[in-house]
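Report on the following structure.
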Amino acid sequence: MKKKLCMIFCIISCMLMMAGCSLTKTNENFDKSKLSSQTDKFVESWFKADFASTIDSYKDQMDDNTLAVYKGYLDTQKRYKSVEKKLKTEYTISSDSATVTETVLCGNGEKAIITLTFGKDGNIQTDDSGNYVFKIDEYKTLGQKMGKAGINTVMSMAIVFFVLIFIAICISQFKYIAKIQEHGKKKTIAETTAPEAKAEVQESENLVDDLEFVAVITAAIAAASGNESADGLVIRSIIRRQ
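Residue 120 in our numbering sits at position 91 of the sequence shown, and the numbers go up by one each step.
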């Protein structure tokens, strides 16, 4: 019974999936032959365009972004010169857009990859400035791609190792920082202790001076009273008169 239920469930699921696929409408504007024809016409007209004259005539009326785009067009056109032969065409089609990628042999002997993006209406998409959305990239073999990837990998690893070495050097300097801090603390303690010691010395010197002064006065009083000895004399206080 369970097997029959599983079979029925699978059949119903397949039927629903087929029904969903049949309900999905394909965009008639994304016919591959039509897209290929539009791409070929665009590429041919683009390489024949006189971008140098356009820049000279409308340079003052273009904003910086548009001027940079046209200068890039001119540089690319001068490099590849023309399209001699179409080698391969690839399509990427969704419900809202389509992308056509052509690999072509150019007039300078190099290969290039031309990519155009089409909107839902079947026309080539444009950006906010009205420029067509397309790219012309240099064709690279698998070996060239792997070589570039290897160089990027080596550079990335080198940067990581340099950063680790720098961190290790910084950590190794912490012991010197601790010594500098300890030396600073000792210097502060010494500077704080010095005034206290100086004050004690001055107090001791003042005390000695007071004792000598008392002895002199005691001897003077004994001499004035006719006593040969100062025994029995007690000086309670000494008051200085201005």
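Every residue, glycine too, gets a C-beta built ideally from N, C-alpha and C. The structure displayed is predicted, hence computed values, not measured ones.
Query	Result
Using only the alpha-carbon positions, how far apart do Glu-113 and Phe-191 sit?	48 Å
Leaving out the 5 sequence neighbours to the left and right, which residues in its chain are closer than 8 Å to Phe-71 when beta-carbon positions are compared?	Leu-145, Ile-153, Tyr-161, Phe-163
Just to confirm before moving on: does the CB-CB distance between Ala-141 and Ile-122 stay below 7 Å?	no
Is it right to say Cys-39 is buried, meaning 16 or more other beta carbons lie within 10 angstroms of its own, or is it exposed?	exposed
Hey, how far is the Cα of Ile-41 from the Cα of Lys-110?	58 Å
Would you say Glu-131 and Lys-115 are within 7 Å of each other, going by their C-beta atoms?	yes
Which partner residues of Cys-135 appear in the DSSP bridge assignment?	Val-112
Helix, strand or coil for Thr-247 per DSSP?	helix
Taking the straight line between their C-alpha atoms, what separation do you get for Leu-236 and Gly-213?	Note that Leu-236 scores a pLDDT of 48, beneath 50, so its modelled location is shaky; the value from the coordinates is reported in the next line. Approximately 36 Å between the Cα atoms of the pair.
Considering only the alpha carbon of each residue, which of Glu-73, Leu-193, Lys-100 lies closest to Asp-85?	Lys-100
Using only alpha-carbon positions, find the residue among Leu-64, Asp-157, Gly-138, Ser-74 that is nearest to Val-129.	Leu-64
Going by DSSP, which residues form a beta bridge with Val-129?	Tyr-120, Leu-145
Using the Cβ count rule (16 or more neighbours within 10 Å means buried), how would you classify Phe-59?	buried
Per the DSSP calculation, Thr-155 is bridged to which residue(s)?	Tyr-161
Tell me whether Met-44 sits in a helix, a strand or coil according to DSSP, three-state version.	helix
Determine the direct distance from the alpha carbon of Ile-206 to that of Phe-195, and round the result to whole angstroms.	17 Å
Check each candidate in Phe-147, Gly-176, Lys-117 and name the one with the smallest Cα separation from Leu-134.	Lys-117
From Asp-93 to Asp-156, what distance separates their C-alpha atoms?	15 Å
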